[in-house]
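One structure is given here, and the rest of the page talks about it.
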Ligand code: GUN
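Numbering (this note's numbering), first residue to last: 279 to 643.
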């Protein structure tokens with residue numbers, strides 16, 4: 279029986295977890311998993327080289343069809359290019375709004391503690407805001423702050439008319455109750471879409487959430503911009519996190535796919551993934567999905583961004599996805615690379631949600 283514990287493209291190889299505190303000076307991007315862990319891989323393994331064929335602009339080329347012929351080499355879904363295009367579109371709208379009603383969208387970010395990865399995320403989010411003309415406000419609280427202090431800032435941002443989106447960077451320190459904090463964010467400003475009202479609306483048929491979580495929204499946006507049909511397709515989501523897996527499955531369902539979720543307790547996950555026309559993987563296990571888990575012609579969206587040790591890389595590590603890229607690209611019809619696939623889309627969707635919020639609050643069309 280295959281398990282969910284594959285960590286690299288060679289099943290003969292083993293990988294070793296390295297504790298978080300031994301990671302220094304590295305930029306760790308995280309979407310969906312709890313703690314990011316750096317894994318060791320041996321350089322001779324088949325998925326050790328990440329070669330990205332970039333496509334300059336998205337074109338309608340792919341059918342996610344069970345019966346289509348296997349492509350010799352999958353088309354690369356260029357998330358970096360799509361995200362850039364979306365940022366440009368947002369910048370135009372932000373300046374139209376400013377010119378028409380004198381209003382600039384604002385995003386407030388609350389960061390608690392000193393996690394390097396979270397600090398990097400927040401820095402990137404603020405930078406992206408600046409690049410499209412959105413105002414950003416940051417509160418950085420020490421690790422030992424109380425939940426009450428965080429709630430105080432949430433409450434003041436809820437009441438602040440210059441703030442249209444509020445984001446509390448996760449994870450919070452373990453002494454805080456994440457649910458309490460997230461549910462304190464006004465649902466009209468919940469640009470992460472993690473609040474129970476927004477998730478509840480997403481889960482209900484015929485209902486529309488005010489905001490959809492950014493990473494899964496980015497996955498669907500990539501499929502949409504590459505004209506990859508979802509309706510009627512068999513989709514498999516790997517991972518069931520609140521941030522990515524679960525909302526991704528709900529979004530696919532809302533697009534009329536037939537959806538299965540594979541998770542850590544799933545028996546023989548490869549039997550299920552092999553039926554998929556579309557796979558979205560958000561599990562945080564480097565190279566877990568092998569080529570033989572994939573049906574020929576499937577479309578692969580890889581959310582995983584996993585640092586693995588690589589002595590040859592300038593920083594001593596490189597990033598790989600959940601999908602064994604080199605194997606998958608000879609089976610799939612289209613695939614997102616890591617990095618440069620889903621990653622850039624997450625921040626683009628955050629900007630998009632912030633703009634959406636400002637437009638809605640000020641009734642600007
Ligand atoms: N931590 C990791 N990903 C996210 C995200 O998308 N939003 C927030 N708020 N925290 C995160």
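Glycine included, each C-beta is placed from N, C-alpha and C at the ideal position.
Asked	Found
If you follow the beta strand (DSSP E) that residue 585 is part of, which residue opens it and which one closes it?	584-587
Is residue 704 buried or exposed, if buried means 16 or more other CB atoms sit within 10 Å of its CB?	The requested residue 704 does not occur in the structure, where the chain is confined to residues 279 to 643.
Excluding the five sequence neighbours on either side, which residues of its own chain have a C-beta within less than 6 Å of the C-beta of residue 384, listed in chain order?	413, 440, 441, 442
Could you check if residue 482 is buried or exposed, using at least 16 other CB atoms within 10 Å of its CB as the buried criterion?	exposed
For residue 415, report the span of its alpha helix (DSSP H) as first-last.	Premise fails: residue 415 lies in the beta strand (DSSP E), 413-419, not in any alpha helix (DSSP H).
Leaving out the 5 sequence neighbours to the left and right, which residues in its chain are closer than 7 Å to residue 474 when beta-carbon positions are compared?	461
Rounded C-beta distance between residue 444 and residue 417? I'm assuming under 8 Å.	Their Cβ separation, rounded to whole angstroms, is 10 Å, which puts residue 444 and residue 417 out of contact at 8 Å.
Output the distance between the C-alpha atoms of residue 526 and residue 539, rounded to the nearest integer angstrom.	10 Å
So is residue 635 buried or exposed if we call it buried at 16+ other beta carbons inside 10 Å?	buried
What's the call for residue 432, buried or exposed, on a 16-neighbour Cβ count within 10 Å?	buried
Using a Cβ distance threshold of 8 Å, determine whether the stretch 374-389 contacts the stretch 516-532, with at least three qualifying pairs required.	no
Indicate whether the contact test is met: 3 or more Cβ pairs, each with one atom in the stretch 561-572 and one in the stretch 584-599, closer than 8 Å.	yes
For residue 409, which residues from the same chain have a beta carbon less than 8 Å from its beta carbon, with the 5 sequence-adjacent residues on both sides left out?	365, 369
Buried or exposed for residue 457, please, with buried defined as at least 16 other CB atoms from any protein chain shown within 10 angstroms of its CB.	exposed
Tell whether a beta-carbon distance below 9 Å holds between residue 499 and residue 353.	no
Have a look at residue 448 and residue 492 and give me their C-alpha separation to the nearest angstrom.	13 Å
Leaving out five residues before and five after residue 515 in sequence, what residues of the same chain have Cβ atoms less than 6 Å from its Cβ?	523, 526, 527, 539, 558
Would you list the residues sitting across from residue 473 in a DSSP beta bridge?	According to DSSP, which records beta bridges pairwise, residue 473 is partnered with nothing at all.
Return the CA-CA distance between residue 512 and residue 394, expressed in angstroms with no decimal places.	38 Å
Restricting to Cα atoms, I'd like to know which of 351, 574, 554 is closest to residue 509.	554
Among 437, 574, 454, which has the Cα closest to the Cα of residue 426?	454
Classify residue 338 as helix, strand or coil using the three-state DSSP reduction.	With a pLDDT of 41 at residue 338, under the threshold of 50, the predicted position of this residue should be treated as unreliable, though the coordinate-derived value follows. The answer is coil: DSSP assigns residue 338 none of H, G, I, E or B.
Taking only heavy atoms of the ligand GUN into account, decide whether any of them is closer than 8 Å to the Cβ of residue 493.	yes
What's the call for residue 573, buried or exposed, on a 16-neighbour Cβ count within 10 Å?	buried
With respect to 8 Å, is the separation between the Cβ of residue 472 and the closest non-hydrogen atom of the ligand GUN below this value?	yes
With burial defined as no fewer than 16 other Cβ atoms inside 10 Å of the residue's Cβ, what is the status of residue 641: buried or exposed?	exposed
Beta carbon of residue 630: closer than 8 Å to some heavy atom of the ligand GUN?	no
At what residue ranges does the stretch 498-557 contain a whole run of the alpha helix (DSSP H), taking only runs of 4 or more?	523-532, 547-551
Please state whether DSSP places residue 626 in a helix, a strand or coil.	helix
Mapping DSSP to helix, strand and coil, what is residue 611?	coil
Give the single residue among 400, 464, 471 whose Cα lies nearest to the Cα of residue 437.	464
Run through DSSP, which three-state label would residue 594 get?	coil
Could you tell me the alpha carbon to alpha carbon distance between residue 504 and residue 613, rounded to whole angstroms?	11 Å
For residue 631, which residues in the same chain have their Cβ closer than 6 Å to its Cβ, ignoring the five residues on either side in sequence?	469, 489
Where does residue 355 fall in DSSP's three states?	coil
Pick from 430, 588, 606, 589: whose alpha carbon is nearest that of residue 571?	606
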